[in-house]
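A quick write-up on the structure given underneath.
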Amino acid sequence: MRSVVTLFILTLTAVRSFANVDYIDISKISNDNKLISAFNFIKNNRNYYETWTNEWKYDKPKQGLVTQLREHYNSFSALTTKNEETFLLLGDIAHYLYNLDDTAYYDIAVKNFEEAVKRNSTDYRPHWFLGNHYALANALQLGIDNFVKAKKLLPAEQPADFWNDYALAAAIANMPSNCIYAMDKVKKISGKEGSFQQQLGETIYKRIVPVDKNNAYAKEDIWAATREELATFTCRPLGIKVMIDSTWGLTINDYKKNQEAFIIKPSTLKNKEGREIHYTIAILMKTANDNDKLNDYINNFVSKYKDKSSISFSTKYDKMVAYEIKDKTMYPEVGGAHMYILGIERNAPQYPGLLIESAGAFPEGNTGEVSYYQANDCKDRFKGKIFYAILLDTCEDIHAQSYSIFKSLFDNQIIIE
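To convert, note that position 280 of the sequence shown is 280 in UniProt numbering; the numbers rise steadily by one, no gaps.
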């Protein structure tokens with residue numbers, strides 16, 4: 001897995017942030033003195049192997065540590081009775097061996113942490129340990145996914161060490177807003193900056209570049225796109241993420257005069273006669289001034305229609321209006337127009353980007369070689385409030401089908417901060 005190294009990982013010899021082995025209780029594993037001594041050895045020497053290093057410059061021989069950790073792994077693995085605590089420790093030992101370039105232990109670590117999850121699905125620690133393992137092996141999405149699962153299981157008294165590790169994982173995954181959020185959690189819990197922030201916090205803050213809503217920006221400068229099961233388009237300055245079918249048509253305009261347009265052309269739908277009919281979904285965005293009103297903005301779109309009604313469409317956002325519109329003079333050959341216009345107002349959140357960030361993926365290097373990459377800077381959100389107008393432009397003949405697609409898109413595939 002590890003053919004890529006970010007510049008963050010190169011600094012880990014200074015950070016030394018990982019403390020999850022401290023959250024394993026040896027008394028729940030064994031009271032055998034030899035095993036207790038082995039556990040203490042693992043903890044006391046972790047500075048040598050809690051992170052991977054490309055050049056070994058330590059005072060202890062690398063191979064000697066590998067031999068000892070293998071022996072300790074085998075000793076704990078030989079226990080006839082194993083519980084969650086045992087599998088957490090076995091996973092950590094395997095993770096340490098992987099960091100010492102014993103690559104066979106990558107999968108062994110995963111299997112042990114997953115076994116710990118099975119033993120106690122309500123404990124946050126297995127997902128924390130597994131997320132840490134994945135993140136440091138460049139399996140970034142898997143790493144973040146497990147940290148997110150662990151967050152949902154955290155106890156009332158949350159450990160600052162968890163958030164310190166999450167800050168690092170988020171930094172490696174090019175999720176600076178999540179990283180800043182995690183650093184703030186550490187400070188709130190412990191009353192001081194964590195080791196990650198002390199070493200790299202300033203670097204993270206500098207990666208978020210200010211933007212001016214009164215300037216113009218080319219779409220390539222403010223939108224990022226990725227394609228997996230769905231095509232995902234993220235715009236940090238406008239605080240939005242949209243996930244659509246990769247076969248759909250799409251037009252994105254440049255941002256200018258405080259406005260942006262994201263126009264989707266889904267696949268055609270057939271009416272009862274078998275006619276292929278096009279329809280459009282549009283997301284229009286406007287960076288507003290303090291005195292601007294959402295109703296005034298939306299009224300610009302709906303005022304010209306006679307047959308319009310205010311409806312309850314969703315409770316997803318607190319400041320939201322919705323209208324249903326019918327116009328028989330439009331598209332008369334397919335039953336007339338049957339449209340919807342949603343209006344949403346959002347103020348800048350405390351952590352812009354937190355909800356729309358996704359784990360980045362670094363390109364794989366050549367086998368047997370180490371490649372170095374630095375995460376890109378990203379743009380901040382535009383200051384102040386933003387208006388969003390989301391429109392479904394369809395006709396009566398395909399109303400039911402197109403409305404269902406529109407509703408699902410809004411509920412599940414559009415995130416507005």
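Note that beta-carbon positions come from the ideal geometry of N, C-alpha and C, so glycine has one too.
Given the structure is predicted, the values throughout are model-derived calculations rather than measurements.
Residue i: buried (16+ other C-beta within 10 angstroms of its C-beta) or exposed?
| i | result |
| --- | --- |
| Thr13 | Annotation note: pLDDT 44 at Thr13 (below 50); position unreliable, no value reported. |
| Gln259 | exposed |
| Glu345 | buried |
| Asp59 | exposed |
| Ala104 | exposed |
| His399 | buried |
| Gln350 | exposed |
| Pro61 | exposed |
| Val4 | Confidence at Val4 is low in this model, with a pLDDT of 48, below 50, so its placement is unreliable and the value that follows should be read with caution. Val4 should be labelled buried. |
| Val110 | buried |
| Asp92 | buried |
| Tyr317 | exposed |
| Lys379 | buried |
| Val211 | buried |
| Tyr124 | buried |
| Leu409 | buried |
Do residue j and residue i have their beta-carbon atoms positioned less than 8 Å apart in this structure?
| i | j | result |
| --- | --- | --- |
| Leu97 | Phe76 | no |
| Ile36 | Gly239 | no |
| Leu284 | Val321 | no |
| Ala116 | Phe87 | yes |
| Ala160 | Val186 | yes |
| Thr28 | Asn74 | In the sequence under discussion, the amino acid at residue 28 is Lys, which differs from the Thr named in the question. No, the Cβ-Cβ distance between Lys28 and Asn74 is not below 8 Å. |
| Val209 | Asp377 | yes |
| Asn132 | Ala171 | no |
| Gly353 | Ser177 | yes |
| Lys219 | Asp254 | yes |
| Leu130 | Asn120 | no |
| Gly201 | Asn164 | no |
| Ala288 | Lys256 | no |
| Ile264 | Ile277 | no |
| Lys241 | Thr251 | no |
| Phe406 | Tyr340 | yes |
| Phe41 | Gln68 | yes |
| Tyr331 | Cys395 | yes |
Quick check on DSSP: helix, strand or coil for residue i?
| i | result |
| --- | --- |
| Ala116 | helix |
| Asp380 | coil |
| Gly201 | helix |
| Leu355 | coil |
| Gln401 | helix |
| Lys62 | helix |
| Lys328 | coil |
| Ile207 | A small fix is needed here, since residue 207 is Arg in this sequence, not Ile. Here Arg207 sits in coil by DSSP. |
| Ala160 | helix |
| Leu12 | Its pLDDT being 47, under 50, Leu12 is placed unreliably in this model, and the coordinates cannot settle the point. |
| Asp145 | helix |
| Ala337 | strand |
| Ile108 | helix |
| Lys151 | helix |
| Leu392 | strand |
| Tyr317 | coil |
| Lys57 | coil |
| Tyr49 | coil |
First and last residue of the beta strand (DSSP E) that includes residue i?
| i | result |
| --- | --- |
| His278 | No beta strand (DSSP E) contains His278, which DSSP labels as neither H nor E. |
| Phe233 | 231-235 |
Between which two residues does the alpha helix (DSSP H) holding residue i run?
| i | result |
| --- | --- |
| Ser309 | Ser309 -> not in any alpha helix (DSSP H); beta strand (DSSP E) instead, spanning 307-310. |
| Tyr124 | Note, Tyr124: premise wrong, no alpha helix (DSSP H); not H, not E. |
| Lys219 | 219-222 |
| Ile36 | 33-44 |
| Lys185 | 176-190 |
| Val21 | Note, Val21: premise wrong, no alpha helix (DSSP H); not H, not E. |
| Ile298 | 294-302 |
List the DSSP bridge partners of residue i.
| i | result |
| --- | --- |
| Gln259 | Lys256, Lys286 |
| Glu345 | Phe387 |
| His133 | Per DSSP, none; premise fails for His133. |
| Gly249 | Lys265 |
| Ala169 | Ala169 is not bridged to any residue. |
| Ile244 | Ala231 |
| Tyr98 | None; Tyr98 has no bridge partner. |
| Ile414 | Val242 |
| Thr81 | Partner(s): none; Thr81 has no beta bridge. |
Return yes when at least one heavy atom of the ligand MN lies under 7 Å from the C-beta of residue i, else no.
| i | result |
| --- | --- |
| Gly353 | Here there are no bound small molecules, and the ligand MN is not part of this structure. |
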